[in-house]
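Engineer: Please read through the structure below; I'll follow up with questions.
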Amino acid sequence: MRAKLNIEAEVAALGDLSREELAAQWEKIYRCLPPKGVRRELLIRAAAWHLQAKRLGGLSTETRRMLRSAIDRVEKKIADRDKQPNVVVNDITVTTARTRKLVLPGARLVRDWNGRTHIVEVIEDGFVFEAKVYPSLSSIARKITGAHWSGPRFFRL
């Protein structure tokens, strides 16, 4: 019981650390700088998870196996989608145009435009922007800029 209280106190103490101290902890844990623009709350959560995992054992072997399997399935799906078939026309091999990056449901697209941050959530049948569902990224880009844009290009996909 005492160990649990100590962990809770240490996790609570993370909230008192400065962003720079949290970034230093991130660098110590992950051996790299935190992503540019990452929020302080994520730094706190990452440090708290690492602290708890270190003390309590982290993810079980079965959970790690399930996560690895899910990652492999997604990577295979992306690889299959990005395969570029070659077409032979008059003894000339032509590679078909490359497909765009796959954006999976649950992804969040963030774009700063004219000093304002715009966030788009990807869902199964479209995109959510400002609590409204849009069928394409281009329609959202048009709403943000007031001009015609390629949505994937606007969101840098």
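Sequence positions in the sequence shown follow numbering that gives the first Met the number 0 and run 0 to 156.
Glycine is no exception: its CB is placed at the ideal position from the N, C-alpha and C atoms.
1. Taking its Cβ as the centre, do 16 or more other Cβ atoms sit within 10 Å of PRO33, making it buried, or is it exposed?
2. Would you give the residue range spanned by the alpha helix (DSSP H) that HIS49 belongs to?
3. Expressed to the nearest angstrom, what Euclidean distance is found between the alpha-carbon atoms of VAL102 and LYS76?
4. May I ask you to report which of helix, strand or coil DSSP gives ARG111?
5. Name, in chain order, the residues that DSSP records as bridge partners for LYS35.
6. Hey, how far is the Cα of PHE126 from the Cα of LEU108?
7. I'd like the span of the alpha helix (DSSP H) that includes PHE128, first residue to last.
8. In chain order, what residues of the same chain have a beta carbon less than 6 angstroms from the beta carbon of ARG110, not counting five sequence neighbours either side?
9. So, for ILE6: in the same chain, excluding its five sequence neighbours on each side, which residues have a beta-carbon less than 8 angstroms away from its beta-carbon?
10. Using 8 angstroms for Cβ pairs, my map puts LEU21 next to ILE43. What's the rounded Cβ distance?
11. Quickly, what does DSSP pair GLU120 with across the bridge? List them, please.
12. Which whole-angstrom value is the C-beta distance of TRP112 and ILE139, which I expect to be below 8 angstroms?
13. Taking the alpha helix (DSSP H) that ARG18 falls in, what are its first and last residues?
14. Measure the C-alpha to C-alpha separation of VAL132 and PRO151 and round it to an integer number of angstroms.
Structural biologist: This is what the structure gives:
1. Classification of PRO33: buried, given that the 10 Å Cβ count is 16 or more.
2. First-last of the alpha helix (DSSP H) with HIS49: 39–55.
3. For VAL102 and LYS76, the distance between alpha carbons rounds to 12 angstroms.
4. In the sequence as presented, Arg is not what sits at residue 111; that position holds Asp. In this structure, DSSP gives ASP111 an extended state, which the three-state scheme calls strand.
5. BP columns for LYS35 are empty, so no partner.
6. Cα to Cα, PHE126 sits roughly 10 angstroms from LEU108.
7. PHE128 -> not in any alpha helix (DSSP H); beta strand (DSSP E) instead, spanning 125–128.
8. Answer for ARG110: HIS117, PHE154, listed in chain order.
9. Within the same chain, ILE6 has close Cβ partners LEU50, GLN51, ARG54, LEU55.
10. Yes, LEU21 and ILE43 are in contact; Cβ-Cβ is about 6 angstroms, under 8 angstroms.
11. In DSSP, GLU120 forms a bridge with ARG107, VAL127.
12. Actually they do not touch by this definition, with Cβ atoms about 11 angstroms apart.
13. Segment 18–29, the alpha helix (DSSP H) holding ARG18.
14. In a straight line, the C-alpha of VAL132 is about 17 angstroms away from that of PRO151.
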